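Engineer: Got a structure for you, questions after.
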Amino acid sequence: MKTKKFSKQRRARRSKRSKLSQLPTQTHETRRVTEEGVSPLVEKYWFQRYDLFSRYDEGIKLDEQGWYPVTPEQIAIRQAKRCENATVVIDCFAGVGGNAIQFASLLGVDSQLLNYQFDKFLALWFT
118 MKTKKFSKQR RARRSKRSKL SQLPTQTHET RRVTEEGVSP LVEKYWFQRY DLFSRYDEGI
178 KLDEQGWYPV TPEQIAIRQA KRCENATVVI DCFAGVGGNA IQFASLLGVD SQLLNYQFDK
238 FLALWFT
């Protein structure tokens with residue numbers, strides 16, 4: 118009796134596997150990821166790109182390290198509103214400028230020249 122039960126379960130699993138193997142392996146989004154040359158390490162951040170920057174398609178460029186620390190745009194806007202009475206805001210470790218771009222007057226500090234170039238580009242783009 119038990120063998121019949123197990124054999125039915127095996128058949129069901131095999132059937133499910135064969136159906137799954139017939140599905141297309143790549144979706145439109147994963148094909149686009151490979152076309153844009155996005156590293157598999159940052160793929161999950163790339164799928165959230167419009168939460169991070171609403172104007173992503175207008176020329177936003179990030180290196181592989183820039184995807185990790187960037188703050189989603191809506192959160193950065195709320196943080197900037199909380200500091201709207203401040204005359205000067207210093208963003209130490211500004212990174213690629215996710216928070217920095219939302220402040221009107223800002224002094225961003227970062228140790229990498231490439232991040233500075235991203236910040237400068239974003240500042241020109243968003244102002």
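FYI, in the working numbering the residues of the sequence shown are 118 to 244.
Ideal placement from N, C-alpha and C gives every residue a C-beta, glycine not left out.
Remember, predicted model here, so these are calculated numbers, not experimental data.
1) With C-beta atoms as the reference, is residue 171 less than 7 Å away from residue 201?
2) To which residues of the same chain is residue 158 closer than 8 Å at the C-beta, ignoring the five residues directly before and after it?
3) Thinking C-beta only, is residue 187 closer than 7 Å to residue 213?
4) The beta strand (DSSP E) with residue 207 in it runs from where to where?
5) By the three-class DSSP mapping on this structure, what secondary structure does residue 183 have?
6) Report, in whole angstroms, the separation of the C-beta atoms of residue 193 and residue 219, which I expect to be a contact under 8 Å.
7) With 16 other CB atoms within 10 Å as the buried threshold, where does residue 177 fall?
8) Among 160, 215, 183 and 185, which one has its Cα closest to the Cα of residue 197?
9) If you count every other CB in all the chains shown that lies within 10 Å of the CB of residue 208, and 16 or more means buried, which is it?
Structural biologist: According to the structure data:
1) On the sequence shown, position 54 is the one that residue 171 refers to. On the sequence shown, position 84 is the one that residue 201 refers to. It is not a contact, given that the beta carbons lie outside the stated cut-off.
2) Counted from its first residue, the sequence shown places residue 158 at position 41. Taken in chain order, the residues that qualify are 181.
3) Residue mapping note: residue 213 aligns to position 96 of the sequence shown, counting from 1. Residue mapping note: residue 187 aligns to position 70 of the sequence shown, counting from 1. Cβ atoms of residue 213 and residue 187: closer than 7 Å.
4) Locating residue 207 in the sequence shown gives position 90, where the first residue counts as 1. It spans 206-209 - the beta strand (DSSP E) in which residue 207 sits, taken as one unbroken run.
5) Along the sequence shown, one-based indexing puts residue 183 at 66. Three-state result, residue 183: helix.
6) Position 76 of the sequence shown, counted from the start, is the residue given in the question as residue 193. Position 102 of the sequence shown, counted from the start, is the residue given in the question as residue 219. That belief holds up - the Cβ atoms of residue 193 and residue 219 are roughly 4 Å apart, short of 8 Å.
7) Here residue 177 corresponds to residue number 60 of the sequence shown, with the count starting at 1. Its Cβ being crowded by 16 or more others within 10 Å, residue 177 is buried.
8) Within the sequence shown, the letter at position 80 stands for residue 197. Taking only the C-alpha atoms, the option nearest residue 197 is 215.
9) Sequence index remark: in the sequence shown, residue 208 carries index 91 (1-based). Residue 208 should be labelled buried.
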